[in-house]
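Chains as they are written, first to last, in numbering that gives the first Met the number 0: chain A, 0 to 209; chain B, 0 to 204; chain C, 0 to 279. Beta carbons: idealized from backbone N, C-alpha and C, even for Gly. Only a predicted model underlies this, so the values are computations on that prediction, with no experimental measurement involved.
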Amino acid sequence: MTEMFDPALIGTWVALGFTLFAFSGVLYKDNIVFKFAQYTYLGASVGYIIALAVKTIIDTAWTPMVKGEYIYAIPIVLGLVLYARFKRGLELYSRWGMAFLISVGAALAIRGNVHAYFYQQIVATMLPLWAGDPLSSFNNIVIIVGTFTAMLYFILTREHKGPLKYPSRAGRIFIMLAFGAFFAGLIMTRLSLITGRIRFILETLGILSS
Amino acid sequence: MNFVKAVASLILLVAGFVVLFDYFIRVPGLEEFALFLQVIATVLAAFALGIGAVSLFRVHVPRVMKRGTDWYLSAWMLIVLVVVAVVGVFGTTSHPVFKWIYSNMILPLDATLFSLLGFFIVSAAFRAFRARTLDATVLLLAGAAVMLLNMPVGGAIWSGFPVIGTWVRDIPAVAGYRGIYLALAVGLVAYSLRLMIGYEKPLGE
Amino acid sequence: MPESSIWTKLLSVDRRAMYWLLAFLIVIPLVHPLGFPIPVTDTTKAFYATVEALPEGSVVVLDVSPGAIAWAEIGPASVAATRLLIQRNMRVIMWSTTRPDAPLIAELYLLKYFKDAGKQNGQDYVLIGYVPGEVTALATLAKDIHYPRKDFYGTDLSAIPMLTNVNTARDIAAVVLLAAGAEGSYYVGQWFAPYQTVLLSVCTGALISEHLIAYNAGQLKGLVGGSRGGAELELITGFLGKGIGLADALSVTHMYLLLLIILGNVAFFVSKSKAGRGKK
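Following this line, the structure appears as structure tokens:
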């Protein structure tokens, strides 16, 4: 009798139930149990995020401030001011917190991109035209030509005519090849996720061992 | 320019350029100041997580009060949100109840709802992926080549499939992606600078 | 009245029939494994070799960012990578700056391997948990690993023995990122570019293309991509698990999808040309 109220067992069946509810929206049609699953997910995940956010604020700013590091009052005040957006007449004050987030994020994006996605990618493209054997040399030439023409495709300040016409067209082909490879990877991801959920259903029903 | 916008512009400039210059030049005290600004930003990010919750309340509480469409589902959602948040805040996030809610409600729902996209890819593959133009044909052929690489049975059918797939993925696709990322990097730097000096929305005029 | 051919009828099949057929095709290889061989690719071999080359006892960051949404795909690879780190006696710091559910995923699926191997919390591993802020948090961690102040269980980071001399990214031997989002670009920009930290990636299939350009540029030292990569890592490490079973399902579902793409295009072009001939 007590096994029936084992939280782990109840939890497994709750998880199975929610999984089947969520699948029902696609394998059958949009229905009340599917909506129930969606709303439950929304509420639970936002509640979860709030709990984590509060923990971070307490650990990183509130506790140090209470212990004497009063400078941590600045992020707490700025963070509370973010919520001024919901009060008519005070919306402008939320700009202070937003400005902080945006400017630090933008600065870090520049820091990260200039070296990692600009300089180092250019260096990686500077390959020898003759690499010792025909196949490697061909591959290097394809990479150099492909990278250069794909970049040319993104020149948006001039019309793609004249000397720009065929190189940008070639660049578009290389971009399509990149998207095709990405698409194959995306398919692997999506199909793996369905496989994982079906595996969970089979394990819970005892058809597969976990 | 009014006082509030002036302070926002000042924050944009000072915070952004201190963090940026810290990367490129060594000035005593600058590194510590930049680190402190970054810590402030991470605390603000935690505060920002709550904005979504407030928006949810603003939409769904009136719906419940006025008995709008699916108001009972909205009520359920708000109850679940409050219960989970209260358990997590007062019982801490390592509390057994909180963990039970995560592993038996959030995790299966998160995984299953996200996996539904796989079904839509199946119907899209049959109804929408058409080799109508040269670009679409190239995309489909490249996708097929890499799919034949990704599936272990591809190599069993013909040993050439993994070779072709590897070449497509590692050579022309890499070149195309690199070109995209180089263009993206330039655009991102330009856009980030414009954000920092206040030329772009949401804070620029 | 235009003739309704088999191709036109095929194009109007109820999509739910396709979904159920997919589900059925997934069940078969899970229940009856097909056992197709899985050759190990160079990027997975590089991942394994890099971990093997790290000095034993090094401090390694394990960025647990697949979340619930990607665990089905890169869970097996993540477990194999974690067990490899444990086998090499690495001291592991676990965190995520992008996925709020990282600490619970780590507790549910990874910590048991540390405990089974007799590893001690605070001596051999520490779970810092979720650090909000994405790229900002990551850049801050690179400068000051102690800034979150406490681990997931509320212990002061300053009181954790294994973090005594670990303060910045320079004290980290390698980062193994279990990536399902933008973590790769964040680490490349904020850890590799300034500090030359060794980065190893276990990523979803959708991210393989992006991480490959980083691998080719030398920014990543190893790459285990998608569920196929997970099966490869299980084979090369010997830690066999659910990845091998996933690989068979991968074969069947991919063949199904390829067939649908071919059938869909044939049906479309044949019915289009018949419609064209009908008009003439």
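| query | What is the C-beta distance between residue 36 of chain C and residue 151 of chain B, in whole angstroms, given that I count them as a contact (C-beta under 8 Å)? | reply | Position 37 of the third sequence holds residue 36 of chain C. Position 152 of the second sequence holds residue 151 of chain B. Right, their Cβ atoms sit about 7 Å apart.
| residue 89 of chain A (DSSP reduced to helix, strand or coil) | As a working mapping, residue 89 of chain A is identified with position 90 in the first sequence. DSSP places residue 89 of chain A in coil when its eight states are reduced to three.
| field | Same chain only: Cβ atoms within 6 Å of residue 245 of chain C, ignoring 5 sequence neighbours per side | value | Translated into positions along the third sequence, residue 245 of chain C becomes position 246. Correct list, in chain order: 226.
| field | Nearest-angstrom Cβ-Cβ length linking residue 180 of chain A and residue 145 of chain B, presumed shorter than 8 Å | value | In the first sequence, the residue the question calls residue 180 of chain A occupies position 181. In the second sequence, the residue the question calls residue 145 of chain B occupies position 146. Sure, about 5 Å apart at Cβ, within 8 Å.
| Per DSSP, residue 149 of chain C forms a beta bridge with which residues? | Here residue 149 of chain C refers to the residue found at position 150 when the third sequence is read from its first residue. According to DSSP, residue 149 of chain C bridges with C:155.
| Does the beta carbon of residue 204 of chain B sit closer than 9 Å to a beta carbon anywhere in chain A? | The sequence position of residue 204 of chain B within the second sequence is 205, counting from 1. Caution is warranted here: a pLDDT of 48 is assigned to residue 204 of chain B, below 50, making its placement in the model unreliable, and no coordinate value can be reported.
| field | Close-in-space but distant-in-sequence residues of the same chain around residue 81 of chain A (CB under 8 Å, 5 per side omitted) | value | Counted from its first residue, the first sequence places residue 81 of chain A at position 82. Once the five neighbours on either side are set aside, the close Cβ partners of residue 81 of chain A are 93, 96, 97.
| field | Simplified DSSP state of residue 61 of chain C, which is helix, strand or coil | value | Taking the first residue of the third sequence as 1, we reach residue 61 of chain C at position 62. Note: residue 61 of chain C maps to strand in three-state DSSP.
| task | To the nearest angstrom, report how far apart residue 11 of chain A and residue 110 of chain B are at their CA atoms. | result | Position 12 of the first sequence, counted from the first residue, corresponds to residue 11 of chain A. Position 111 of the second sequence, counted from the first residue, corresponds to residue 110 of chain B. The alpha-carbon atoms of residue 11 of chain A and residue 110 of chain B are separated by roughly 15 Å.
| task | Give a yes or no on whether 9 Å exceeds the smallest Cβ distance from residue 124 of chain B to chain C. | result | For the purposes of this step, residue 124 of chain B is taken as the residue at position 125 of the second sequence. For residue 124 of chain B, the answer is yes, since a Cβ of chain C falls inside 9 Å of its Cβ.
| residue 66 of chain C CB to nearest chain D CB: under 9 Å? | No chain D appears in this structure, whose protein chains are A, B and C.
| query | residue 91 of chain C bridges to which residues according to DSSP? | reply | Against the third sequence, residue 91 of chain C aligns to sequence position 92. DSSP, once it has assigned bridges, lists C:59, C:124 as partnering residue 91 of chain C.
| request: Verify the CB distance criterion: does residue 269 of chain C have a CB-CB separation below 9 Å to chain A? | output: Against the third sequence, residue 269 of chain C aligns to sequence position 270. So no, residue 269 of chain C is outside the interface.
| Test: residue 122 of chain A CB closer than 9 Å to a CB of chain C | Taking the first residue of the first sequence as 1, we reach residue 122 of chain A at position 123. Yes, residue 122 of chain A counts as interfacial toward chain C.
| field | Chain-ordered residues of the stretch 171–182 of chain B with a beta carbon less than 8 Å from chain C | value | 172, 173, 176, 177, 180
| request: Can you tell me which of the three DSSP states residue 200 of chain C falls into? | output: For the purposes of this step, residue 200 of chain C is taken as residue 201 along the third sequence, with counting starting at 1. If DSSP states are grouped into helix, strand and coil, residue 200 of chain C belongs with the strands.
| request: Check whether the stretch 179–191 of chain C touches the stretch 162–170 of chain A, taking contact to mean three or more Cβ pairs, one atom from each stretch, closer than 8 Å. | output: no
| field | Against chain C: residues of the stretch 157–172 of chain B by CB proximity under 9 Å | value | 161, 165, 168, 169, 172
| field | Closer than 9 Å to chain C by CB, residue 131 of chain A | value | As a position in the first sequence, residue 131 of chain A is number 132, starting the count at 1. Not one chain C Cβ lies under 9 Å of residue 131 of chain A.
| task | Consider the Cβ of residue 149 of chain B: report whether some Cβ of chain C lies at a distance smaller than 9 Å. | result | Here the question's residue 149 of chain B lines up with position 150 in the second sequence. Yes, contact with chain C.
| task | Have a look at residue 95 of chain C and residue 69 of chain C and give me their C-alpha separation to the nearest angstrom. | result | To locate residue 95 of chain C, count along the third sequence from 1; it is residue 96. To locate residue 69 of chain C, count along the third sequence from 1; it is residue 70. For residue 95 of chain C and residue 69 of chain C, the distance between alpha carbons rounds to 14 Å.
| request: Check the Cβ-Cβ distances between residue 195 of chain A and every residue of chain B, and say whether any is below 9 Å. | output: Walking along the first sequence from the start, residue 195 of chain A turns up at place 196. At least one chain B Cβ lies under 9 Å of residue 195 of chain A.
| message | Taking 9 Å as the threshold (beta carbon to beta carbon), is residue 14 of chain C in contact with chain B? | response | In the third sequence, the residue the question calls residue 14 of chain C occupies position 15. So, interface residue.
| request: Quick one: list the residues of chain B neighbouring residue 260 of chain C, beta-carbon separation under 8 Å, in chain order. | output: Within the third sequence, the letter at position 261 stands for residue 260 of chain C. By Cβ distance, chain B contributes 124, 125, 128, 139, 143.
| So does the stretch 73–88 of chain C actually touch the stretch 228–236 of chain C, counting three or more Cβ pairs closer than 8 Å? | yes
| Taking any Cβ of chain A, which residues in the stretch 36–47 of chain B have a Cβ under 8 Å from it, in chain order? | 36, 37, 38, 39, 40, 41, 42, 43, 44, 45, 46, 47
| Reduced DSSP category for residue 26 of chain B - H, G, I as helix; E, B as strand; rest coil | Counting from one through the second sequence, the residue named residue 26 of chain B turns up at place 27. If DSSP states are grouped into helix, strand and coil, residue 26 of chain B belongs with coil.
| Nearest chain C C-beta to residue 112 of chain A closer than 9 Å, yes or no? | Mapped onto the first sequence, residue 112 of chain A falls at position 113. With 9 Å as the cut-off, residue 112 of chain A counts as an interface residue toward chain C.
| query | Quick one: which chain A residues come within Cβ less than 7 Å of residue 117 of chain B? | reply | The residue labelled residue 117 of chain B in the question sits at position 118 within the second sequence. Going along chain A in sequence order, the residues near residue 117 of chain B (Cβ under 7 Å) are 189, 190, 192, 193.
| said: Tell me which residues share the same chain as residue 63 of chain B and place their Cβ nearer than 6 Å to its Cβ, disregarding the 5 neighbours each side in the sequence. | reply: As a working note, residue 63 of chain B is residue 64 in the second sequence. The residues are 70, 73, 74.
| request: Report the residue from A:209, A:37, A:192 whose alpha carbon sits nearest the alpha carbon of residue 119 of chain B. | output: What you label residue 119 of chain B is simply residue 120 of the second sequence in a count that begins at 1. Considering only alpha carbons, the answer is A:192.
| Three-state class that DSSP yields for residue 178 of chain C in the structure shown | The sequence position of residue 178 of chain C within the third sequence is 179, counting from 1. If DSSP states are grouped into helix, strand and coil, residue 178 of chain C belongs with the strands.
| query | Looking at residue 108 of chain C and residue 93 of chain B, is the spacing between their C-beta atoms short of 9 Å? | reply | As a working note, residue 93 of chain B is residue 94 in the second sequence. As a working note, residue 108 of chain C is residue 109 in the third sequence. Not a contact, by the Cβ cut-off of 9 Å.
| request: Leaving out five residues on either side along the sequence, give the residues of the same chain with a beta carbon under 7 Å from the beta carbon of residue 169 of chain C. | output: What you label residue 169 of chain C is simply residue 170 of the third sequence in a count that begins at 1. Taken in chain order, the residues that qualify are 194.
| field | Close-in-space but distant-in-sequence residues of the same chain around residue 110 of chain C (CB under 8 Å, 5 per side omitted) | value | Here residue 110 of chain C refers to the residue found at position 111 when the third sequence is read from its first residue. 124, 126, listed in sequence order.
| field | Three or more C-beta pairs below 8 Å linking the stretch 232–240 of chain C and the stretch 9–17 of chain C | value | no
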